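In our numbering, the protein residues as written are 9 to 257. Reading through the structure tokens given below for one structure.
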Amino acid sequence: MHFAHSAVFLWRSLGIPSRISAGYHSDESNRRGGSTILLRGGDAHAWPELYVTGYGWIVLDIAAERNLDPPGQGTDEDLQRILGEMARQQPPDPEQPRPRDRPPQHHYGRDLGYGLLGLLGAALASLYLVKLWRRARVTLSASRSLPRVGYRKALDLMAEAGLVREHGEPRERFASRVAAVAPTFTKLTSMHLSAKLGDPSKRDPDAEALSRKQWRDGLRSLRRELRAGTKRWRRVLGLLNPASWLDAR
9 MHFAHSAVFL WRSLGIPSRI SAGYHSDESN RRGGSTILLR GGDAHAWPEL YVTGYGWIVL
69 DIAAERNLDP PGQGTDEDLQ RILGEMARQQ PPDPEQPRPR DRPPQHHYGR DLGYGLLGLL
129 GAALASLYLV KLWRRARVTL SASRSLPRVG YRKALDLMAE AGLVREHGEP RERFASRVAA
189 VAPTFTKLTS MHLSAKLGDP SKRDPDAEAL SRKQWRDGLR SLRRELRAGT KRWRRVLGLL
249 NPASWLDAR
């Protein structure tokens, strides 16, 4: 330290820009084969630096040719290892709280994105479940419900193929409009209307509109006609569309 101050005082008296830098000086051998270096008070060191135009600050460390101080004792290897392990557990900034003491970080944007994705997934799952339920109702429903659920399934098949009844269009007119593509749909419409508009007290349990076989055969025939009369990509797109049943009316 004294050499550094003396050198800087001398250089500044000659008009040479200079400064003193302070830090620590420790030999590489002090690592003792580990990854930790223990710095003690005796390792404190100061050195002079002078400024050279075009090169910046140049370190010119000055040391005595002969040191009169006795050599210091080496550090204990076990102590150095223990202190190194303790230092690794501390945060880089001593004033910074430990990770477990920090308040939890809230990523509002990410959480909002995950929430929206969850809602979207739940909505898609709900639409697909409704679509599957409308398909399965024909098999699971009682005979008295077949005219309603069977006609609804027929409308779903038509909607998937791109054939949708317009707002305010009567069922009979819609059946006539699509008769060239799906003639069986006309029969299914008649079965549905005969059960819906007929007298419930005089409904015959053996009537065609309440026959599960008639509805099963009619829907199977409707599928064949739609496969033959509509484009495949349109049917596949309608089948994958979870909300296609919303157009069935």
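Using N, Cα and C, we set each Cβ at its ideal position, and we do this for glycine too. Please read all numbers here as calculations on a predicted model, not as lab measurements.
Within 10 angstroms of the Cβ of residue i, are there 16 or more other Cβ atoms? Answer buried if so, exposed if not.
| i | result |
| --- | --- |
| residue 158 | buried |
| residue 26 | buried |
| residue 252 | buried |
| residue 155 | buried |
| residue 141 | exposed |
| residue 147 | exposed |
| residue 133 | exposed |
| residue 117 | exposed |
Give me the Cα-Cα distance between residue i and residue j, rounded to the nearest whole angstrom.
| i | j | result |
| --- | --- | --- |
| residue 162 | residue 121 | 38 Å |
| residue 32 | residue 51 | 5 Å |
| residue 130 | residue 249 | 15 Å |
| residue 144 | residue 201 | 21 Å |
| residue 193 | residue 226 | 8 Å |
| residue 1 | residue 28 | Residue 1 lies beyond the residue range present for the chain, which begins at 9 and ends at 257; the question has no answer from this structure. |
| residue 123 | residue 137 | 21 Å |
| residue 230 | residue 198 | 14 Å |
| residue 35 | residue 46 | 11 Å |
Take residue i as the anchor and find which of the options has the nearest alpha-carbon.
| i | options | result |
| --- | --- | --- |
| residue 259 | 167, 153 and 28 | Beyond the ends of the chain as shown, which are 9 and 257, falls residue 259; an answer cannot be given. |
| residue 67 | 73, 75, 58 and 74 | 58 |
| residue 18 | 185, 56 and 30 | 56 |
| residue 71 | 11, 167 and 114 | 11 |
| residue 180 | 20, 195 and 16 | 195 |
| residue 13 | 54, 23, 22 and 236 | 54 |
| residue 175 | 127, 30 and 257 | 257 |
Please look up how many angstroms separate the CB atoms of residue i and residue j, rounded, as I've assumed it's under 8 Å.
| i | j | result |
| --- | --- | --- |
| residue 234 | residue 188 | Not quite, the Cβ-Cβ distance comes to about 12 Å (not below 8 Å), so this is no contact. |
| residue 255 | residue 186 | Actually they are not in contact, since the Cβ atoms of residue 255 and residue 186 sit about 14 Å apart, beyond 8 Å. |
Residue ranges of each alpha helix (DSSP H) run of no fewer than 4 residues wholly in the stretch 171–203, ordered along the chain? Look at the stretch 171–203 and you find these whole runs of alpha helix (DSSP H), each 4 residues long or longer: 179–185.
For the stretch 45–74, which segments carrying the beta strand (DSSP E) assignment without a break, of at least 3 residues, lie completely within its bounds, in sequence order? The stretch 45–74 contains these whole beta strand (DSSP E) runs: 52–60 and 64–67.
Please go through the stretch 132–175 and give each complete beta strand (DSSP E) segment of 3 or more residues, from N-terminal end onward. You should have found no qualifying run.
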